[in-house]
Amino acid sequence: MEKYSFLELARKRRSIRKYQDRPVEREKLKLCLEAARLSPSACNSQPYKFIVVDDRAVRDNLAKEIFSGIYSICKFAALAPAFAIIVSQKQNITARVGNKIQDIDFRQVDIGIAAEHFVLQAEELDLGTCHIGLFNKKKAAEILKIPKNYRAELMISIGYRDENPKEREKKNFDDMASFNGY
Ligand SMILES: Cc1cc2nc3c(=O)[nH]c(=O)nc-3n(C[C@H](O)[C@H](O)[C@H](O)COP(=O)(O)O)c2cc1C
């Protein structure tokens, strides 16, 4: 496996929506989870759990339900060999106070960071991924037996890539950053 610097990895990552029909090794999935486990979170509250689906029958049953109707725009993910569904958990007291003071739900931030750790680890392992926010969360909760006070928030599809998309347009440096003032 080739070794990449962090910036090279970030540069070569793309959202991948077409996958080879080839399972992803459990060991690789566990490395991605480990990278997510190590991510920072507000007040170290780690308000998430990753549910990985890598069994074809479970995947098919889930995908049929969560990517139908208005969600069928994300049907590409039904053919991903694996998914991670990220559920948000109750926060600890310090994180709840932090949220109130800042008027922001830091769980969303924390989930985004953990998800991207997962994605970049996958990239290092030559796996393709796509974050998916558009899926039927109620159905996912039902099928995966997610407890009532937890919520499915985001998914990541993962597999060996079967496409090589061009880099999507990104803001140029001066539009996305400045020094010492807006
Ligand atoms: C939080 C989040 C949610 C996303 N949800 C979806 C989605 O529901 N369906 C989809 O096809 N892509 C989804 N994407 C992927 C974005 O469309 C993609 O990151 C963006 O177009 C830039 O392309 P790139 O990832 O190749 O740089 C999501 C990305 C993020 C970060």
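First residue of the sequence shown: 54, per the working numbering; consecutive thereafter.
Cβ atoms here follow ideal geometry from the backbone N, Cα and C, with glycine treated the same way.
Between the beta-carbon of residue i and the beta-carbon of residue j, is there less than 9 Å?
i: isoleucine 209; j: cysteine 183; result: yes
i: lysine 71; j: arginine 214; result: yes
i: phenylalanine 47; j: alanine 131; result: No answer is possible for residue 47: the residues shown for the chain start at 54 and end at 235.
i: valine 140; j: isoleucine 104; result: yes
i: alanine 95; j: histidine 170; result: no
i: isoleucine 196; j: leucine 115; result: yes
i: tyrosine 101; j: arginine 149; result: no
i: methionine 54; j: aspartate 156; result: no
i: proline 218; j: serine 68; result: yes
i: lysine 192; j: glutamate 80; result: no
Excluding sequence positions up to five away, which residues of its chain have a Cβ less than 6 Å from the Cβ of residue i?
i: glutamate 206; result: Ile139, Ser141 and Ile164
i: glutamine 144; result: Ser98 and Pro100
i: glutamate 216; result: Lys71
i: proline 76; result: Pro134
i: arginine 112; result: Val106
i: phenylalanine 129; result: Arg70
Between which residues of its own chain and residue i is the CB-CB distance below 8 Å, once the five residues before and five after are set aside?
i: arginine 204; result: Val140, Ser141, Lys190 and Ala194
i: lysine 65; result: Tyr57 and Glu176
Spatial neighbours of residue i within its chain, please: CB distance less than 7 Å, with the 5 preceding and 5 following residues excluded, ordered by chain position.
i: alanine 175; result: Cys85, Thr182 and Ile211
i: serine 92; result: Ile166, Ala167 and His170
i: phenylalanine 188; result: Ile119, Phe120, Tyr124, Cys127 and Met208
Between residue i and residue j, which are expected to be in contact by the criterion C-beta below 8 Å, what is the C-beta distance as a whole number of angstroms?
i: aspartate 107; j: alanine 135; result: 4 Å
ask   = Unbroken beta strand (DSSP E) runs of length 3 or more, entirely within the segment 80 to 156: which are they?
value = Correct list: 101 to 106 and 135 to 141.
key: Shell residues, 5 Å Cβ cut-off relative to heavy atoms of ligand 1   = This selection yields Arg67, Ser68, Cys127, His184, Ile185, Gly186, Leu187 and Arg221.
task = Could you name each continuous alpha helix (DSSP H) segment of 4 residues or more that falls completely within the segment 56 to 81, going from the start of the chain to the end?
result = With a minimum length of 4 residues, the continuous alpha helix (DSSP H) runs that stay inside the segment 56 to 81 are 59 to 65.
request  = With a floor of 4 residues, list each alpha helix (DSSP H) that falls wholly inside the segment 185 to 216, ordered by position along the chain.
outcome  = Qualifying alpha helix (DSSP H) stretches, in chain order: 190 to 196.
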